[in-house]
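What follows is a short report on a single structure.
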Amino acid sequence: MSHTIRDKDKLLARIRRMKGQMEAVERALESGKPCGDVLQLLASVRGALSGLTGEVMQEHLHEHVLHAANDEERTKAAEELAQVLKTYIR
């Protein structure tokens, strides 16, 4: 069983909290909050997304690279992670 399936409830709870954070950004913009407040909210959203991304990447590395069933699966998982990292660091 994949880690995203095994940890689905925990991951979805984090996504729901992030949705709430995004809604707070929307409310702040709609109500004309100062840009400093909006920036703080956006930084919180980015931190939450980075944390979630890091957690999923770490679990991917452990489950699909370090503990792969064979070299073919290990190579495929490492390539997937490399592609994601390329996109992530842009």
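Numbering of the sequence shown is given in my numbering, commencing with residue 6 and proceeding in unit increments. Note that beta-carbon positions come from the ideal geometry of N, C-alpha and C, so glycine has one too.
- Per DSSP, reduced to three states, the secondary structure at residue 25 is helical.
- Here DSSP, grouped into helix, strand and coil, assigns residue 49 to helix.
- Take residue 12, set aside five residues on each side of it, and the residues of its chain with a beta-carbon closer than 8 Å to its own are 64, in chain order.
- Straight-line spacing of the CA atoms in residue 22 and residue 84 works out to 30 Å.
- Taking a C-beta distance under 9 Å as the contact criterion, residue 42 and residue 33 qualify as a contact pair.
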